[in-house]
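Everything in the sequence shown is counted per our numbering, starting at 1235 for the first residue and increasing by one.
In this text, a Cβ means the ideal position worked out from N, Cα and C, and glycines have one as well.
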Amino acid sequence: MKIALLGYGTVGRSLDELLKRRDLNIEVKRILRRNKDPKDSRVTDSIDDILQDEEIVCVAEALSGREPADSYLKMIMESGKHVVSANKAAIASDFEGLLKLAGKMGTTFLFEASSGGTIPWIENIKEIRETDEIVSLKGILNGTCNFIIDKMEREGIEFEDALRTAQSLGYAEADPTADIGGHDTYNKALISCSLAYNGFVKKDFPVLGMEKLTRDMLKELEAEGKTVRFMMLSERSGDRYAVGVAPMVVRKDSIEANVRQNFNCASLTGVTVGELKFYGQGSGGYPTADAMVRDLVRVRDKKTEPDILEKKLVYDDSLIEGVGYFPFGKKRGLLSELIVEARKKDVFMAFEHEEDNEVNA
Ligand SMILES: NC(=O)c1ccc[n+]([C@@H]2O[C@H](COP(=O)([O-])OP(=O)(O)OC[C@H]3O[C@@H](n4cnc5c(N)ncnc54)[C@H](OP(=O)(O)O)[C@@H]3O)[C@@H](O)[C@H]2O)c1
1235 MKIALLGYGT
1245 VGRSLDELLK
1255 RRDLNIEVKR
1265 ILRRNKDPKD
1275 SRVTDSIDDI
1285 LQDEEIVCVA
1295 EALSGREPAD
1305 SYLKMIMESG
1315 KHVVSANKAA
1325 IASDFEGLLK
1335 LAGKMGTTFL
1345 FEASSGGTIP
1355 WIENIKEIRE
1365 TDEIVSLKGI
1375 LNGTCNFIID
1385 KMEREGIEFE
1395 DALRTAQSLG
1405 YAEADPTADI
1415 GGHDTYNKAL
1425 ISCSLAYNGF
1435 VKKDFPVLGM
1445 EKLTRDMLKE
1455 LEAEGKTVRF
1465 MMLSERSGDR
1475 YAVGVAPMVV
1485 RKDSIEANVR
1495 QNFNCASLTG
1505 VTVGELKFYG
1515 QGSGGYPTAD
1525 AMVRDLVRVR
1535 DKKTEPDILE
1545 KKLVYDDSLI
1555 EGVGYFPFGK
1565 KRGLLSELIV
1575 EARKKDVFMA
1585 FEHEEDNEVN
1595 A
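Shown next as structure tokens:
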């Protein structure tokens, strides 16, 4: 199978190397970059070279940012080629439009690497939802945030110092806003929940970043046998659902509290299967590229079904209730209301979903 690669950064380059090393009968014929490379004749700076090449049956997209990636994904589908993408920002920006276009064109659209890096999360959601009803999703889906909290916790340092270390080690970007502000986790939550609940979740669900976490807040929680993890949390009941992204209070003896460094841990709960947890590398060139390889093998072997998300879901924020930990004390309420209050007062808030903490106790 001949493919094209969009982007040749951390992920794109790793994908090219993995495909060279493995005998999978998948060949990278063209590579799209901003500038041509005189040493590699596969490299082009024109998307048309890829769209017009009839030998290329699938395109693996690992561009940074929402545009031009979103437009390119649509152009590729319209040209009848299959798509594998790692780009959660582009996918989440018009998830509904992309899935519908793929369905209309009869092209395969896979994106395991977009949420949870190498963790087999998306495919497991799809498999479980076929036979069971998924009623809850939650997860640590951003390695940068987890690295920062873990560092603050273990070394008793402040947020800015932990962030600087994360940047110097390459775990955080020079502009960390998308990670610590929650937008990256928001994108993954939007993709994961829509798939799990078989319908498109609304785009403006509540998100609170973790920039205001302090060493003192962690110390106070420690005295109660608790800590913080930056997570998405979602509950569903029939066609009603709620989802939010925020710092979450977890018990020290929970699995989440023991997710260290830049690792991810995502859980889904099905009515019959109960809670399943998936743990592993949520980022990094080779781990992420490996998830793309698995998607490419599915395309090669034609082992895919179109994602048709038919349910009309209703957002119901009363499904997630708990306790908000503010610098001025605790307050009971809905996750959505507590996030609004923290944003309005411009203060830190960590949410404790008591149901979860009782289950883990
Ligand atoms: N890194 C991870 O651990 C990870 C994990 C999961 C998902 N992802 C996702 O995977 C994607 C790639 O991430 P990355 O870390 O590999 O990013 P990266 O290192 O910044 O590489 C991005 C690549 O995109 C190319 N590019 C950007 N804009 C372009 C344009 N307008 N036209 C042509 N090429 C363009 C760049 O081209 P030049 O080479 O010419 O600069 C570069 O090769 C992102 O969407 C990211 O969210 C990354």
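Among the options, which residue has its Cα nearest to the Cα of residue i?
i     : options                       : result
P1354 : E1586, T1522 and E1555        : T1522
L1553 : A1576, E1588, D1529 and G1351 : E1588
D1580 : R1470, C1427, E1445 and F1464 : E1445
I1310 : G1443, T1341 and E1330        : T1341
N1259 : G1243, V1531 and S1426        : V1531
T1352 : L1333, S1319 and K1436        : S1319
V1557 : G1472, E1571 and R1268        : E1571
K1486 : E1586, R1534, Q1515 and M1466 : E1586
S1280 : G1516, G1415 and Y1306        : Y1306
K1536 : D1282, H1316 and I1284        : H1316
T1538 : E1458, L1344, A1457 and E1394 : L1344
V1533 : R1256, C1292, L1253 and N1269 : C1292
D1257 : D1418, H1417 and V1527        : V1527
F1464 : L1452, S1517, G1514 and G1373 : G1373
F1562 : Q1515, D1418 and F1582        : F1582
V1505 : E1364, F1329, G1314 and T1244 : E1364
Y1513 : E1330, L1285 and N1358        : N1358
Leaving out five residues on either side along the sequence, give the residues of the same chain with a beta carbon under 6 Å from the beta carbon of residue i.
i     : result
A1595 : Only weak support is given to the placement of A1595: the predicted model assigns it a pLDDT of 42, under 50, and the question is left unresolved by the model.
G1246 : L1239 and A1296
R1300 : A1323, A1324 and S1327
Y1242 : I1265 and R1267
S1248 : G1519, Y1520 and A1523
V1593 : With a pLDDT of 46 at V1593, under the threshold of 50, the modelled position of that residue is not reliable, and no figure is offered here.
Y1549 : K1436
D1551 : A1476, L1568 and S1570
K1564 : V1557
L1252 : A1523 and V1527
Mind checking which residues open and close the alpha helix (DSSP H) that includes residue i?
i     : result
K1254 : T1244 to R1255
R1268 : First-last for R1268: undefined, no H or E at that position.
S1305 : A1303 to E1312
N1496 : Neither: N1496 is in no alpha helix (DSSP H) and is coded neither H nor E.
P1521 : G1519 to R1534
I1489 : Segment: none, I1489 is in no alpha helix (DSSP H) and carries neither H nor E.
H1417 : H1417 to Y1431
V1574 : L1569 to K1579
G1337 : F1329 to M1339
I1284 : I1281 to L1285
L1455 : R1449 to A1457
E1357 : I1356 to T1365
F1381 : G1377 to E1389
Mind checking if residue i is an interface residue toward chain B, Cβ cutoff 8 Å exclusive?
i     : result
R1470 : Note that chain B does not occur in the displayed structure, where there is just one protein chain.
Could you check where the beta strand (DSSP E) with residue i kicks off and where it finishes?
i     : result
S1370 : I1368 to I1374
E1394 : Here E1394 belongs to no beta strand (DSSP E); instead the alpha helix (DSSP H) covers F1393 to S1402.
L1240 : K1236 to L1240
M1466 : K1460 to S1471
G1299 : Element bounds for G1299: n/a, residue is neither H nor E.
I1414 : Premise fails: I1414 lies in the alpha helix (DSSP H), T1411 to I1414, not in any beta strand (DSSP E).
K1511 : G1508 to Q1515
I1290 : I1290 to E1295
A1584 : A1584 to E1586
V1317 : H1316 to S1319
Y1559 : E1555 to F1560
For residue i, I'd like the list of residues in its chain whose CB is within less than 7 Å of its CB, leaving aside the five on either flank, ordered along the chain.
i     : result
V1507 : I1362 and D1366
A1406 : T1378, L1397, A1400 and D1413
Y1420 : V1441 and V1479
R1449 : M1386, G1390, I1391 and E1392
S1349 : K1322, W1355, I1356, L1375, K1422, I1425 and S1426
A1303 : E1295, L1297, N1321 and A1324
A1525 : E1346, A1347, G1351 and T1352
D1473 : K1545, K1546, L1547 and V1548
A1283 : Correcting the residue identity first, residue 1283 is Asp in this sequence and not Ala. Hits under 7 Å: R1264.
By Cβ distance below 8 Å, which residues in the same chain neighbour residue i in space, the five residues on each side in sequence not counted?
i     : result
K1511 : I1489, C1499, A1500 and S1501
E1312 : L1335 and M1339
K1189 : The structure shown has nothing for residue 1189, since the chain only spans 1235 to 1595.
L1455 : T1461, V1462, V1483, Y1559 and A1584
R1577 : L1442
K1360 : L1429 and D1541
P1410 : T1378, L1397, A1400 and Q1401
Practice item. Determine, using beta-carbon pairs with one atom in the segment 1425 to 1443 and one in the segment 1350 to 1368, whether at least three such pairs fall under 8 Å. Key: yes
Review point. Is the number of C-beta pairs between the segment 1377 to 1397 and the segment 1480 to 1495 that are closer than 8 Å three or more?
Key: Taking 8 Å as the limit for Cβ pairs, the verdict is that the segment 1480 to 1495 does touch the segment 1377 to 1397.
Review point. Using 8 Å as the threshold, is the segment 1540 to 1547 in touch with the segment 1267 to 1274, meaning 3 or more CB pairs across them?
Key: no
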